[in-house]
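Engineer: Quick one: the structure is below, and I'll ask about it shortly.
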Amino acid sequence: MLKAVDRNGTPILLINKTRQELADLRREIFYCPQCNEQVFIRAGEKVMPHYAHFQQSSCPNRHNGEGDYHSKGKAALYEWFSTQGIPVEMEYYLSSIQQRPDLLVKWSNRYFAIEYQCAVISPTMVRERTRGYRKAGIFPIWILGENRLKRRGTSQIKATHFDSLFIQKFTPDTQPQILFYNPVTDLMTSLVSPSPIKSRIYGRIRSWLLSNSGFQHFFLKSQVLNPQVYEYWLNEKKRFRSLRAKYAGSSDKRFISWLYSKGLHPQYLPSEIHLPVPHHFLMDTPTYIWQSKILLDIIKPLSVGKTFMYNELRSTLQSTQKRCPLASIYLEETAAVEEYLHLLEGLQILSRVNEFTFRKEKEVVFPRTLEQAINRDSQLLNQLVKLEKQTRLHVK
Numbered sequence: 000m001l002k003a004v005d006r007n008g009t010p011i012l013l014i015n016k017t018r019q020e021l022a023d024l025r026r027e028i029f030y031c032p033q034c035n036e037q038v039f040i041r042a043g044e045k046v047m048p049h050y051a052h053f054q055q056s057s058c059p060n061r062h063n064g065e066g067d068y069h070s071k072g073k074a075a076l077y078e079w080f081s082t083q084g085i086p087v088e089m090e091y092y093l094s095s096i097q098q099r100p101d102l103l104v105k106w107s108n109r110y111f112a113i114e115y116q117c118a119v120i121s122p123t124m125v126r127e128r129t130r131g132y133r134k135a136g137i138f139p140i141w142i143l144g145e146n147r148l149k150r151r152g153t154s155q156i157k158a159t160h161f162d163s164l165f166i167q168k169f170t171p172d173t174q175p176q177i178l179f180y181n182p183v184t185d186l187m188t189s190l191v192s193p194s195p196i197k198s199r200i201y202g203r204i205r206s207w208l209l210s211n212s213g214f215q216h217f218f219l220k221s222q223v224l225n226p227q228v229y230e231y232w233l234n235e236k237k238r239f240r241s242l243r244a245k246y247a248g249s250s251d252k253r254f255i256s257w258l259y260s261k262g263l264h265p266q267y268l269p270s271e272i273h274l275p276v277p278h279h280f281l282m283d284t285p286t287y288i289w290q291s292k293i294l295l296d297i298i299k300p301l302s303v304g305k306t307f308m309y310n311e312l313r314s315t316l317q318s319t320q321k322r323c324p325l326a327s328i329y330l331e332e333t334a335a336v337e338e339y340l341h342l343l344e345g346l347q348i349l350s351r352v353n354e355f356t357f358r359k360e361k362e363v364v365f366p367r368t369l370e371q372a373i374n375r376d377s378q379l380l381n382q383l384v385k386l387e388k389q390t391r392l393h394v395k
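Its first residue numbered 0, the sequence shown is counted upward by one per residue in numbering that gives the first Met the number 0.
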């Protein structure tokens, strides 16, 4: 905790204090702004100065201990906003929702809660905090500590389910992204258009010095995806086609069993299945599962020229969608499905008759050999790169 109040109720921040200033402050009495209990200053050669509760404290935030890395990041972000002339409050207690964001910022006539998250907390807590801020009319922005960033090349990171919770979209014109910040190097990193696949997240990685940018940098408009993402996706398609029930998890085993009931195998599925779409993270199952349901259950049985209604997809996909806590008000839960249908239009499999009706224009090809399937995957992904450059696919 970097902020407490003195006996007069004046907030005192422990940022950029000299040793003498800290020594003087230690002779004063300070109180937690949330629980009003007395706190003390903890500081040392290797510990950033901060306030701490006494052992017998009953404050609900007593056990939310912040590491030095987290405190430095919070302080750096506070100073960054301050130097831009943006009104910012450190650890401001919002009594209406009983929450205390790391930073509360007012910018462009809106309030933003900045949460700098370095440690793992429960997904339930992430959702509850996010809902609380929105209930108060405050826009939450979550930034992960760069200690959680594990790069695996220029377009992918190794990640956990926890990391994927922090995919967020700030405006209708921006791509979804995950933010990471390193207070030691002052480097902010964004993974743009993230596509989670098991223990990896693919996307376009961009980094910049925080001190050389402004808050508006967070809200840059969408750009064409890095073509290298599609190269990684081709490798992912190869792994998918080698899926074996013996080594698969429970959901993949159910998927393979479902394919077997149709006389099919992952090796010989059409290349139009398991395609990257920007908002795939809104789905609770891998792309190859929900896209297979659309292509095999809805589109394949139709004769060329026949139509289907969008609401026919609902019963097929009702168990595959999830509510992503940070997706923001700018995202519909059906965004990924819309994008996939739009891809199939670009590939001339479908045409849109009206807002809710689609016509099947041609049959999809089922490869006969694994080599044929992989070659077809490569051709189709190259086609997607061209479509991406032409249309800059994203849902507004």
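Cβ coordinates follow ideal geometry from the N, Cα and C atoms, glycine included. The structure displayed is predicted, hence computed values, not measured ones.
Between Lys157 and Ile166, what straight-line distance do the alpha-carbon atoms span, to the nearest angstrom?
Structural biologist: Numbered from 1 along the sequence shown, position 158 holds the residue referred to as residue 157. Numbered from 1 along the sequence shown, position 167 holds the residue referred to as residue 166. Between Lys157 and Ile166, the C-alpha separation is close to 14 Å.
Engineer: Taking its Cβ as the centre, do 16 or more other Cβ atoms sit within 10 Å of Ala118, making it buried, or is it exposed?
Structural biologist: As a position in the sequence shown, residue 118 is number 119, starting the count at 1. Ala118 comes out exposed.
Engineer: Between which residues of its own chain and Lys361 is the CB-CB distance below 7 Å, once the five residues before and five after are set aside?
Structural biologist: Stepping through the sequence shown from its first residue, residue 361 is reached at position 362. Within the same chain, Lys361 has close Cβ partners Val303, Gln347, Ile348.
Engineer: With H, G and I counted as helix, E and B as strand and the rest as coil, what does DSSP make of Phe53?
Structural biologist: Indexing the sequence shown from 1 puts residue 53 at position 54. Note: Phe53 maps to coil in three-state DSSP.
Engineer: Taking 6 Å as the limit between beta carbons, can you name the residues of its chain near Lys395, skipping five residues before and five after?
Structural biologist: By one-based count along the sequence shown, residue 395 stands at place 396. For Lys395, the pLDDT reaches just 40, beneath the cut-off of 50, and the residue's location in the model is therefore unreliable, although a value from the coordinates is still provided. Correct list, in chain order: Pro171.
Engineer: Can the beta-carbon of Trp232 be found closer than 8 Å to that of Tyr267?
Structural biologist: On the sequence shown, residue 232 is found 233 positions in, with the first residue counted as 1. On the sequence shown, residue 267 is found 268 positions in, with the first residue counted as 1. Their beta carbons are not under 8 Å apart, which means Trp232 does not touch Tyr267 by this criterion.
Engineer: How should Gly152 be labelled, buried or exposed, when 16 other C-beta atoms within 10 angstroms of its C-beta is the threshold for buried?
Structural biologist: Here residue 152 refers to the residue found at position 153 of the sequence shown. Answer is exposed; the Cβ neighbour count stays below 16.
Engineer: How many Å lie between Lys385 and Ile85 at the Cα?
Structural biologist: As a first step, residue 385 is located in the sequence shown; it is residue number 386 there, counting from the start. As a first step, residue 85 is located in the sequence shown; it is residue number 86 there, counting from the start. Whole-angstrom Cα-Cα distance: 41 Å.
Engineer: Cα separation between Thr173 and Pro277?
Structural biologist: Numbered from 1 along the sequence shown, position 174 holds the residue referred to as residue 173. Numbered from 1 along the sequence shown, position 278 holds the residue referred to as residue 277. Cα to Cα, Thr173 sits roughly 11 Å from Pro277.
Engineer: Mind listing, in chain order, the continuous beta strand (DSSP E) runs of no fewer than 3 residues lying wholly within the segment 154 to 183?
Structural biologist: Here the runs fully enclosed are 155 to 157, 176 to 181.
Engineer: Let me make sure I understand the geometry here. Which of Val4, Asp283, Met89, Arg375 has the alpha-carbon closest to that of Lys237?
Structural biologist: Residue numbering aside, residue 237 sits at position 238 when the sequence shown is read from its first letter. If we check each option's Cα against that of Lys237, Arg375 comes out closest.
Engineer: Please return the same chain residues whose Cβ sits closer than 8 Å to the Cβ of Leu258, not counting the five positions on each side in sequence.
Structural biologist: Along the sequence shown, one-based indexing puts residue 258 at 259. His264, Pro265, Leu268, Ser291, listed in sequence order.
Engineer: For Asn353, which beta-bridge partners are listed by DSSP?
Structural biologist: The residue labelled residue 353 in the question sits at position 354 within the sequence shown. Looking at the DSSP assignment, Asn353 forms a beta bridge with Thr356.
Engineer: Bridge partners of Gln37, per DSSP?
Structural biologist: Position 38 of the sequence shown, counted from the first residue, corresponds to residue 37. According to DSSP, Gln37 bridges with Tyr30.
Engineer: Tell me which same chain residues have a C-beta within less than 8 Å of the C-beta of Leu186, skipping the five on either side of it?
Structural biologist: Position 187 of the sequence shown, counted from the first residue, corresponds to residue 186. Glu145, Tyr180, Ser206, Trp207, Leu208, Leu209.
Engineer: Excluding sequence positions up to five away, which residues of its chain have a Cβ less than 6 Å from the Cβ of Ser194?
Structural biologist: By one-based count along the sequence shown, residue 194 stands at place 195. Hits under 6 Å: Tyr201, Pro275, His279.
Engineer: Provide the residue(s) that pair with Pro300 in DSSP beta bridges, ordered along the chain.
Structural biologist: By 1-based counting over the sequence shown, the position of residue 300 is 301. Partner(s): none; Pro300 has no beta bridge.
Engineer: Put Thr306 into one of helix, strand or coil per three-state DSSP.
Structural biologist: For the purposes of this step, residue 306 is taken as residue 307 along the sequence shown, with counting starting at 1. Strand at Thr306.
Engineer: Under the rule that 16 or more other beta-carbon atoms within 10 Å means buried, what is Arg203, buried or exposed?
Structural biologist: Start at 1 with the first residue of the sequence shown, and residue 203 comes out as number 204. It is buried - the Cβ of Arg203 has at least 16 other Cβ atoms within 10 Å.
Engineer: Hey, Ala75 and Pro182 are a contact pair by Cβ (cut 8 Å); roughly how many whole angstroms apart?
Structural biologist: Numbered from 1 along the sequence shown, position 76 holds the residue referred to as residue 75. Numbered from 1 along the sequence shown, position 183 holds the residue referred to as residue 182. Sure, about 4 Å apart at Cβ, within 8 Å.
Engineer: I'd like the list of long-range same chain contacts for Val336, defined as Cβ closer than 7 Å, with 5 residues on each side in sequence excluded.
Structural biologist: As a position in the sequence shown, residue 336 is number 337, starting the count at 1. Taken in chain order, the residues that qualify are Leu312, Leu316.
Engineer: Who pairs with Met89 in a beta bridge, going by DSSP?
Structural biologist: As a working note, residue 89 is residue 90 in the sequence shown. Looking at the DSSP assignment, Met89 forms a beta bridge with Leu102.
Engineer: What's the C-alpha gap between His393 and Glu387?
Structural biologist: Position 394 of the sequence shown, counted from the start, is the residue given in the question as residue 393. Position 388 of the sequence shown, counted from the start, is the residue given in the question as residue 387. Any reading at His393 must be qualified, since the residue scores a pLDDT of 45, below 50, and its modelled position is unreliable; no value is offered.
Engineer: Below 8 Å between beta carbons: does that hold for Arg240 and Leu369?
Structural biologist: As a first step, residue 240 is located in the sequence shown; it is residue number 241 there, counting from the start. As a first step, residue 369 is located in the sequence shown; it is residue number 370 there, counting from the start. Yes, the pair counts as a contact, with Cβ atoms nearer than the cut-off.
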